[in-house]
Amino acid sequence: MAGPRPDERPQPTARRNAEGIRVDPDAEAARPRRTAVISALVEHEPGVLSRVSGLFSRRQFNIESLTVGPTTVEGHARITLVVEETDPGIDQAKKQLMKLTPVIAVGELGSDAVRAELVLLKVRGSEPDKVHAITEMYEGRTLDAGPRTITVQITGDERKIDDAVDAFRQFGIIEIARTGQTALERGDSPTTPGEEPGHSAATDDAAADGTSADGDATDQTTPNYDD
Amino acid sequence: MSESANPTADPADPDEADEADAADGAEPADGARTPDGAVAAAATPENGAAAVVAALESADVQTAFGVQGGAIMPVYDALYGSSIDHVTMAHEQGAAHAADAYGVVAGTPGVCLATSGPGATNLVTGIADASMDSDAMLALTGQVPSHMVGSDAFQETDTTGVTAPITKHNYFASDSTTVGDVVGEAFALAGTGRPGPTLVDLPKDVSFGETDRAPAAPTPPERSVPDPEADAESVEAAARAIERAEKPLCLFGGGVIKGNATAEARAFAREHEVPVVTTMPGIGSFPEDDELCLSWAGMHGTGYANMAISHTDCLIAVGTRFDDRLTGGVETFAPGAEVVHVDIDPAEISKNIEADYPVVGDAGTVLGQIDAAMERSPAAREWCEQCADWREEYPMDYAVDPDEPVKPQFVVEAYDAATGDDAIVTTGVGQHQMWAAQYWTYTEPRTFVSSHGLGTMGYGLPGAIGARLAAEDDREVICFDGDGSFLMTIQELSVAVRENLDITVVVLNNEYIGMVRQWQDAFFEGRHMASEYDWMPEFDKLAEAFGARGFRVDEYDEVAGVVRESLAYDGPSVVDVHVDPREDVYPMVASGGANGEFALTGDQL
Chain A
10 MAGPRPDERP QPTARRNAEG IRVDPDAEAA RPRRTAVISA LVEHEPGVLS
60 RVSGLFSRRQ FNIESLTVGP TTVEGHARIT LVVEETDPGI DQAKKQLMKL
110 TPVIAVGELG SDAVRAELVL LKVRGSEPDK VHAITEMYEG RTLDAGPRTI
160 TVQITGDERK IDDAVDAFRQ FGIIEIARTG QTALERGDSP TTPGEEPGHS
210 AATDDAAADG TSADGDATDQ TTPNYDD
Chain B
835 MSESANPTAD PADPDEADEA DAADGAEPAD GARTPDGAVA AAATPENGAA
885 AVVAALESAD VQTAFGVQGG AIMPVYDALY GSSIDHVTMA HEQGAAHAAD
935 AYGVVAGTPG VCLATSGPGA TNLVTGIADA SMDSDAMLAL TGQVPSHMVG
985 SDAFQETDTT GVTAPITKHN YFASDSTTVG DVVGEAFALA GTGRPGPTLV
1035 DLPKDVSFGE TDRAPAAPTP PERSVPDPEA DAESVEAAAR AIERAEKPLC
1085 LFGGGVIKGN ATAEARAFAR EHEVPVVTTM PGIGSFPEDD ELCLSWAGMH
1135 GTGYANMAIS HTDCLIAVGT RFDDRLTGGV ETFAPGAEVV HVDIDPAEIS
1185 KNIEADYPVV GDAGTVLGQI DAAMERSPAA REWCEQCADW REEYPMDYAV
1235 DPDEPVKPQF VVEAYDAATG DDAIVTTGVG QHQMWAAQYW TYTEPRTFVS
1285 SHGLGTMGYG LPGAIGARLA AEDDREVICF DGDGSFLMTI QELSVAVREN
1335 LDITVVVLNN EYIGMVRQWQ DAFFEGRHMA SEYDWMPEFD KLAEAFGARG
1385 FRVDEYDEVA GVVRESLAYD GPSVVDVHVD PREDVYPMVA SGGANGEFAL
1435 TGDQL
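Below you can see the structure in the form of structure tokens.
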């Protein structure tokens, strides 16, 4: 075969970065990761969670948390995923999710979306008054109190939960169970595109509570779980 | 070999007998098996299995490939007397590849069947292969009875779990009344939008369970049906980008063929005089004897295609997922190009290469939209001349010396010259695959049937069987195989003989797994660890043992005669060509390298 050797051929000067994006070599910079909250409305059928989690693991998306639960619509469930990725990675995660047959709609929540998680903490029961004070401070509830252990529930956004866990450390945390974040879009914006509410009175009330409560780190209003 | 593959073993197997008893005793549907064994698989099925077959018939399935076994027996029983032609394969992997290739050639999803456990897991390679190449295929697998699922029963595997990552979607059938609908939906889904394999797992009690409901017409889930048209705004933007390009280049991928968009693709490139490169799966989307065509780009693509892709300023990529064998390192892929990316699957947009102009929609429809939106063609005369110069500079070439062993490229060209444009080539995976892709001039879609994304050695022969059954009788089907690749699924030769399929298997035999040997020479100091296959059988004699015709070629002057005879033989023949064992595949872009820095010889790597 004839033709110039590789080093004698005209070569392009432009470059792409590792994500296939055309870049100015001088301005090329590593793309930062960011945390995104993705909400997927799915058919509530066996195996759907495994399809979603399998998708994320095999595509090596860096998943922080995943929560799932039914919605007001019969047969639908909402999966809330928190991923830490670059922008193209987040975009790809959303598009891959949308390809799964049982996935109805996918939305990424804005920074002002309502987010909450829940933690159960079991601490030593030797100082019940102090434990109670901290629980009050974080607007939590005592779920179980005995001579040796006290179990409390705290809800709120991620930062509040982190702070609460820190505060309880002084008593000696025996066990901890923490959900991931779950989230809804604020106000009239649908959480996933085209989402329409179902018509179950009881659940509608609960949803209304959720949207009015616990928006961000400064807002310490807690949803009323005492119903 | 799976136990499932031997139907006579099942009754003798105590475990299998127990399982069958348990199934029969557990549910009231025992009587669903009609005494005369014939199940009317028409509008009114009698059981789930008959509904499955009725759904396939309603989808106009003509041919299905599979292997019998315990858990799939009710479905096979329902195939008795059906209009569907069932081809028993020697191994389930063969069934999956045959169904895949059948689908590629026929343009409708291929169908394969297997029993539970080993039957299903043997399909896995073929399903993964179809998934990587976006080939429409429906796999039906038997499953242990529902009440035994999860108990680690005899021949139980979590088939939906195992195949979830390699199917477009899969289904666990749970109800005899709806199983026919589910199979119809799975079939329709496989061929909808971006094609892919689907699977339905069929527990034995669901197959046996009574139902008299005729399955609904095969319909994909509504959400899975994409809009063929792209939005006008993205079309406009793409049209403007193409108009102002000085070095435009079309890149046609497998999606152009799968989307039946070759006519629109050809018209677009010719109308606007834009040079064309294809991907390997896109081979046949544009005629390689057209002066605009630079053949295929990528690791072993032509030098001129790789030069063009390195220097284009506007890449019009249609139906490609920018696989790494095409792009090399993404940092150096078409680095100066604005990328117009047309694809039916939004998730392919900017997955590997960022699209400056994403256009989501059906390939043919969108090309029509872009064409309509363009007010002028790009001014690219100089660029076209440059591409022509590169074609002169880096010709596809090899040296023939009558005293040396036969060059494999020569054999490919000899068969190409002896056959028409509609001949179908299937291949295994390895050096022979690259020579078959490089030295055959493809002019029509669905004539190059190969394992691209997964790179499955052994695809060639079962692929040829599937292609043969999908193609009209007067078309030639030629399988170029390697010695290593052929040996992986050689048992399917028994099927070709039984069915008297007119297939010519040309083994480019170099007594190596040659691509590995080539890489060892390039990157492992020539240490041929486990790549020497000097213990290969004599394939011509083995062919005769199977009942096929066998030919052997050692010298150049034998080639022409054997080409003629093997093509003339009406039935399966195997041509064992002892080729130059030192021949390497070039050009070559080093893994992750820049396309424009393709090596023409080993010392350029």
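Protein chains in written order, with this note's numbering: chain A, 10 to 236; chain B, 835 to 1439. Positions of the beta carbon are idealized from the N, C-alpha and C atoms, including for glycine.
Check, Outcome
"7 Å Cβ cut-off: residues of chain A touching residue 1170/B", "21, 23"
"Three-way DSSP call (helix, strand, coil) for residue 896/B in this model", "coil"
"Close-in-space but distant-in-sequence residues of the same chain around residue 1120/B (CB under 7 Å, 5 per side omitted)", "1086, 1099, 1100, 1103, 1110, 1112, 1127"
"Residue 891/B beta carbon less than 9 Å from that of residue 950/B", "no"
"Under 7 Å by beta carbon: chain A residues contacting residue 997/B", "Those do not exist, as residue 997/B stays about 11 Å from chain A at its closest Cβ, beyond 7 Å."
"Closest residue to residue 155/A among 192/A, 140/A, 168/A, 146/A (Cα-Cα distance)", "140/A"
"Given 8 Å, three or more beta-carbon pairs between the segment 929–939 of chain B and the segment 897–914 of chain B", "yes"
"Of the listed residues 1369/B, 1342/B, 1385/B, 959/B, nearest to residue 1375/B (C-alpha basis)", "1385/B"
"Cβ-Cβ distance between residue 115/A and residue 202/A below 9 Å", "yes"
"For residue 1189/B and residue 106/A, the rounded distance between their alpha carbons", "20 Å"
"For residue 1115/B and residue 1149/B, the rounded distance between their alpha carbons", "18 Å"
"Residues from the segment 1185–1196 of chain B in contact with chain A, defined by Cβ distance under 8 Å", "1185, 1186, 1187, 1188, 1190"
"As assigned by DSSP and simplified to three states, the class of residue 1094/B", "coil"
"Length of the line joining the Cα atoms of residue 1323/B and residue 1089/B", "28 Å"
"Neighbourhood of residue 1063/B by C-beta, 6 Å cutoff - its chain only, sequence neighbours within 5 removed", "1195, 1199"
"Separation of residue 920/B from residue 948/B, as counted between CA atoms", "12 Å"
"The beta strand (DSSP E) enclosing residue 1037/B, as first and last residue numbers", "1031–1037"
"Complete runs of the alpha helix (DSSP H) confined to the segment 908–933 of chain B [at least 4 residues]", "none"
"Beta-carbon proximity of residue 1035/B to residue 954/B, cut-off 9 Å", "yes"
"Test item: CB-CB of residue 79/A and residue 86/A under 9 Å", "yes"
"Exposure label - residue 861/B; buried when at least 16 CB within 10 Å", "Since pLDDT at residue 861/B reaches only 39, below the 50 mark, its modelled position is unreliable, and the value read off the structure follows with that caveat. It is buried - the Cβ of residue 861/B has at least 16 other Cβ atoms within 10 Å."
"Among 169/A, 102/A, 108/A, the one whose alpha carbon lies nearest that of residue 92/A", "102/A"
"Sequence-distant residues of its chain with Cβ nearer than 6 Å to residue 1137/B (five each side left out)", "1228, 1421, 1432"
"Local conformation of residue 58/A per DSSP, three classes", "helix"
"With 16 other Cβ atoms within 10 Å as the buried cut-off, status of residue 911/B", "buried"
"As assigned by DSSP and simplified to three states, the class of residue 1391/B", "helix"
"contact_flag[the segment 986–1006 of chain B, the segment 1026–1033 of chain B] where n(CB pairs < 8 Å) is 3 or more", "yes"
"Helix, strand or coil at residue 43/A according to DSSP, with G and I counted as helix", "strand"
"Within 9 Å, strictly: CB atoms of residue 136/A and residue 187/A", "no"
"Bridge partner(s) assigned by DSSP for residue 977/B", "1037/B"
"Within-9 Å CB hit, residue 1180/B to chain A", "yes"
"8 Å contact criterion, which residue 1170/B and residue 21/A should meet: CB distance rounded", "5 Å"
"Contact with chain A by residue 1183/B, beta-carbon distance below 9 Å", "yes"
"Validate contact between the segment 968–984 of chain B and the segment 1161–1178 of chain B using beta carbons, cut 8 Å, 3 pairs", "no"
"Straight-line gap, residue 1135/B to residue 1334/B (C-alpha atoms, nearest Å)", "35 Å"
"Residue environment, residue 1243/B, which counts as buried when at least 16 other CB atoms sit within 10 Å", "buried"
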